[in-house]
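What follows is one structure encoded as structure tokens, with my remarks underneath.
Numbering (full-length UniProt numbering), first residue to last: 1 to 122.
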């Protein structure tokens with residue numbers, strides 16, 4: 001039996017708006033389903049842009065036959081501003097069984113910061 005995977009969307013924890021600060025650590029959740037009658041061990045990688053400006057690295061997970069489960073992908077946002085498409089690739093051993101693009105892109109911003117010291121009177 002050939003391995004397969006179904007993905008139902010990518011959502012970012014604690015955020016309805018995928019706009020994040022550069023360098024911020026965030027976690028994406030993807031609902032994964034094994035639609036086959038056999039259990040498989042998978043490896044997934046969520047990344048921003050085809051250049052992999054940021055990546056979760058390889059995340060291993062197992063799904064029993066017919067099982068659906070939310071899988072977490074921690075990602076640190078890149079240090080540059082921009083709009084990045086979100087991709088998720090899934091493998092079984094060395095075979096790619098899924099390549100997905102999220103419906104929403106991630107926007108990375110760099111907010112200006114200012115440090116205000118103590119106010120003194122002369």
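Beta carbons are placed, not taken as given, at the ideal position from N, Cα and C, and that holds for glycine.
Taking residue i as the reference, give the member of the options with the closest Cα.
i	options	result
residue 87	10, 4, 6 and 1	10
residue 25	104, 118 and 14	14
State the CB to CB distance for the pair residue i and residue j, rounded to an integer number of angstroms; the pair is presumed to be in contact (CB under 8 angstroms).
i	j	result
residue 71	residue 54	In fact, because the Cβ distance is near 17 angstroms, the residues do not count as touching under 8 angstroms.
residue 44	residue 73	7 angstroms
residue 29	residue 97	About 19 angstroms; that fails the 8 angstroms criterion.
Does the distance from the C-beta atom of residue i to that of residue j stay below 7 angstroms?
i	j	result
residue 82	residue 108	yes
residue 7	residue 42	no
residue 77	residue 36	no
residue 92	residue 3	yes
For residue i, which residues of its own chain have a beta-carbon under 7 angstroms away from its beta-carbon, when the five flanking residues on both sides are left out?
i	result
residue 19	107 and 109
residue 58	43 and 45
Keeping to the same chain, check which residues put their C-beta closer than 6 angstroms to that of residue i; ignore five residues upstream and five downstream.
i	result
residue 156	Past the edges of the chain, shown from 1 to 122, lies residue 156, and the structure says nothing about it.
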